[in-house]
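Residues in the first sequence are numbered from 79 upward in steps of one, following this note's numbering.
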Amino acid sequence: MPEGPSILHLKNKMLPFKGKVVKAAGGYGKMPTAWINGKKLQDILTWGKHILFVFANGTVRVHLGLFGEVVINERKKVNRSFFLEFATGEINGYIVRAQKLEKTAKETYDWRTDILSPLFDKAHVKSLIKTKAAKTIDDVLMDQDVFSGVGNKIRNESLFRAGIHPLSNTGKIPAAKITKLVNEVLIYTKRFYDQLEKKGVHDDFQVYKQEYAPDGSEVTMKNLTKTKRKIYFSEHKQVLYK
DNA sequence: GTGCATGTTACGAG
DNA sequence: ACTCGTAACATGCA
């Protein structure tokens, strides 16, 4: 389910529980949950793909991984890995990883890299990209310490829209193109999110899982051996900086 | 049954 | 100590 926009969309659906008291918390995950019982859910935050449930005595980070799912006021057949039950309603996580933060959310996270946060800081992120000059740009985009919330879809679509080949050497990409890339990430992320909010699904792809790009150019699919992910790009429209 | 999917982390080798 | 590569995890759908 994840990728930043989906997580923020999910958070919005959970917001009615903000301020409510947890009657029972649990799940098969390793994290102890007794400390949550009877506590008020003070806030729900997100950072990239992380969901944060804030309580007076601690914050729970929930991550959905590749297959994770959170449903509200319904149950699936399999066991819940993490759940919060309230007097009315419940939040049920399946195949999610829950852990208690050692510090507060504010001390743990830097929202300047969160592509869905109003605190996102382009200049800061561009300076981080400079420190990754030796890596290929597809890896930098997926680096959650640089672009929190970017997943495989946003990566492929942003690179296409910026006209940059995914295997480009980051240090060789002109500054103006990096700026364009950062802007395209933000634009596409917002479009992704807006679609989810408006119609509940997101299906706006120009290269991801496509055979042809909108301009008719052929889309190439390549398996990345290291990360075991797939990249989709147009050899014709995306410049390889090497 | 097979293959694939919006992801991360743990651990051993080098 | 750090970086790299691989395995591991767990479900649902075509």
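Note that CB positions come from ideal geometry on N, CA and C, so glycine has one too.
These figures come from a predicted structure and were not determined experimentally.
Close beta carbons around residue i, own chain, < 6 Å, minus the five adjacent residues each side
i: Gln177; result: Met109, Arg139
i: Leu237; result: Pro244
i: Phe270; result: Pro83, His280
i: Lys200; result: Val260
Alpha-carbon to alpha-carbon, residue j and residue i
i: Lys118; j: Thr111; result: 14 Å
i: Glu81; j: Asn90; result: 15 Å
i: Leu318; j: Gln273; result: 31 Å
i: Asn157; j: Lys213; result: 40 Å
i: Tyr290; j: Glu262; result: 20 Å
i: Ile251; j: Arg190; result: 22 Å
i: Gly241; j: Leu259; result: 8 Å
i: Phe198; j: Asp192; result: 6 Å
i: Tyr310; j: Thr186; result: 34 Å
i: Ala253; j: Gln288; result: 29 Å
i: Pro196; j: Ala102; result: 33 Å
Top-ranked residue by Cα proximity to residue i, from the options
i: Gly143; options: Lys127, Val132, Ser205, Glu296; result: Lys127
i: Leu123; options: His87, Asn230, Phe225; result: His87
i: Tyr172; options: Thr166, Gly104, Ser159, Ala183; result: Ser159
i: Asn234; options: Val224, Asn247, Asp217, Asp223; result: Asp217
i: Ile207; options: Asp221, Tyr187, Lys96; result: Asp221
i: Ala134; options: Trp125, Gly167, Pro83, Lys98; result: Lys98
i: Tyr106; options: Val174, Glu163, Ser195; result: Val174
i: Thr209; options: Gly227, Lys181, Thr248; result: Thr248
i: Lys231; options: Arg153, Arg307, Lys255; result: Arg307
i: Thr182; options: Ser205, Phe131, Leu219; result: Phe131
i: Asn115; options: Leu162, Ile215, Phe145, Ser205; result: Leu162
i: Glu96; options: Gln120, Ile85, Trp113, Gly104; result: Per the sequence shown, the amino acid found at residue 96 is Lys instead of Glu. Nearest of Gln120, Ile85, Trp113, Gly104 to Lys96, Cα basis: Gln120.
i: Gln284; options: Tyr266, Glu152, Glu275; result: Tyr266
i: Lys268; options: Lys255, Ile256, Asp282, Thr257; result: Asp282
i: Asp188; options: Ile215, Glu152, Thr305, Ser226; result: Ser226
Sequence-distant residues of its chain with Cβ nearer than 8 Å to residue i (five each side left out)
i: Lys315; result: Phe238, Gly241, Ala291, Asp293, Ser295
i: Val148; result: Met79, Leu88, Met92, Ile129, Val140, Leu142, Ile169, Asn170, Gly171, Tyr172, Val174
i: Ile150; result: Lys91, Met92, Gly167, Glu168, Ile169, Asn170
Cβ-Cβ separation, residue j to residue i (assumed contact under 8 Å), whole Å
i: Val203; j: Val224; result: 6 Å
i: Gly136; j: Leu194; result: The pair is not a contact, with the Cβ atoms about 24 Å apart (cut-off 8 Å).
i: Thr298; j: Glu313; result: 6 Å
To test your reading of the DSSP string, which unbroken alpha helix (DSSP H) runs of 4 or more residues are found completely within the region 80 to 160? Runs found: 82 to 92.
For a minimum of 4 consecutive residues, which ranges assigned as the alpha helix (DSSP H) are wholly contained in the region 187 to 236? Runs found: 200 to 208, 215 to 220.
Within the region 158 to 187, note down every full alpha helix (DSSP H) run reaching 4 residues or more, in order along the chain. As summarised for the region 158 to 187, the continuous alpha helix (DSSP H) elements at least 4 residues long and confined to that stretch are 183 to 186, given in chain order.
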